[in-house]
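Report on the following structure.
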Amino acid sequence: MAINAQEISALIKQQIENFKPNFDVTETGVVTYIGDGIARAHGLENAMSGELLIFENGSYGMAQNLESTDVGIIILGDFTDIREGDTIRRTGKIMEVPVGESLIGRVVDPLGRPVDGLGEIHTDKTRPVEAPAPGVMQRKSVSEPLQTGLKAIDALVPIGRGQRELIIGDRQTGKTTIAIDTILNQKGQDMICIYVAIGQKESTVRTQVETLTSVRCLGLHNRCDSFCFNHLHCSS
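Following numbering that gives the first Met the number 0, the numbering of the sequence shown begins with 0 at its first residue and continues without gaps.
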């Protein structure tokens, strides 16, 4: 059988032109410190502030402090299985969370994943966690009062809708009670309330969710014994 050099050359050329390399280049680093929901990693030279990172055990983290040699990371998942020396890799994506009306009445973790056992949250809208705040001219003026239901507050230090107000006090002085009572007082007022619980016990979070079952609740939470970002959002 005669070998046609031109046909072989054309076939090789065609194979080269149609060749598509099948590989994925990912920048990885090594965990150098782990503790209390915080980690440090070496080797992520190109990490971006607020970037979503993935640990070897599948947990997620968010790049927070970008230093010359290391990256400070907030762990957004179970850190009990993360060890020094584990691999961590970049995703190339700034951390985003799902948003939309479908989240109203739900309890979710810091990544927007439901933890209330009510099924998946269906929304195609997302927003970055870290984003510039709207300018002063873009914000509506505080012109409508917000009734907390607590006569002492409403009479002495009335709060306006859209206003920032600090509740400060020692432990066990009723700060959470004031916030919960204010949320409950908004039922039927066409008001969306978001409650964030940080560093609270799972039992406390469960009690708060049960208290708010009479209104539509959105929750973003995780246990204080799980990691440092423990949030609960509730909306009515």
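Think of the CB as a built atom: it goes at the ideal place given N, C-alpha and C, for glycine as much as any other residue.
Sub-9 Å separation of I37 and I74 beta-carbons: yes
Endpoints, the alpha helix (DSSP H) within which V208 is located: First-last of the alpha helix (DSSP H) with V208: E201 to T210.
A196, buried or exposed, once every other Cβ within 10 Å from all chains shown has been counted against 16: buried
Length-filtered (3 minimum) beta strand (DSSP E) runs lying within the region 104-174: 124-127
CA-to-CA distance, L10 to G116, given in whole angstroms: 57 Å
Distance CB(V128)-CB(M190) smaller than 9 Å: No.
Rounded distance between the beta-carbons of E66 and V30, thought under 8 Å: Not confirmed; about 15 Å, so no contact.
Short Cβ contact (9 Å threshold) for N56 with D35: Taking 9 Å as the Cβ cut-off, N56 and D35 do not qualify as a contacting pair.
Any non-hydrogen atom of the ligand FAD closer than 8 Å to K174 Cβ: This structure lacks the ligand FAD; in fact it carries no ligand of any kind.
Residue span of the beta strand (DSSP E) that contains N64, given as start and end: Residue range Y59 to L65 is occupied by the beta strand (DSSP E) that includes N64.
Inter-residue Cα distance where the pair is R105 and L52: Inter-residue distance for R105 and L52 is about 25 Å (C-alpha atoms, whole angstroms).
Nonlocal neighbours in the same chain, by C-beta distance under 7 Å from Q146, ignoring five residues either side: If the five residues before and after Q146 are omitted, its C-beta is found closer than 7 Å to the C-beta atoms of D153 and N184, all from its own chain and listed in chain order.
Per DSSP, the bridge partner or partners of A40: DSSP output for A40 lists V30 and V70 as bridge partner(s).
Other residues of its chain near E50: CB distance less than 8 Å, five sequence neighbours each side excluded: The beta carbon of E50 is closer than 8 Å to those of M61, A62, R89, T90, G91, K92, I93 and M94 in its chain, skipping five residues each way along the sequence.
Selection from T125, T176, K186 and G148 that minimises the alpha carbon distance to Q207: T176
Beta-bridge pairing of V195 - partner residues as DSSP gives them: Answer is none; V195 lacks a bridge partner.
Backbone CA spacing between V141 and T125 [nearest angstrom]: Rounded to the nearest angstrom, the two C-alpha atoms are 27 Å apart.
Buried versus exposed call for S58 [16 or more other C-beta atoms within 10 Å across all chains shown]: S58 is buried by the Cβ-count criterion.
Backbone CA spacing between G159 and L165 [nearest angstrom]: 13 Å
Identified DSSP bridge partners for T86: V29
Identified DSSP bridge partners for I182: Paired residue(s): none; I182 is not in a bridge.
Through-space distance from Q162 to G134, alpha-carbon basis: 15 Å
Which listed residue (A4, E201 and S8) has its alpha carbon closest to that of V114: E201
CB-CB length for D69 against A40, believed under 8 Å: 7 Å
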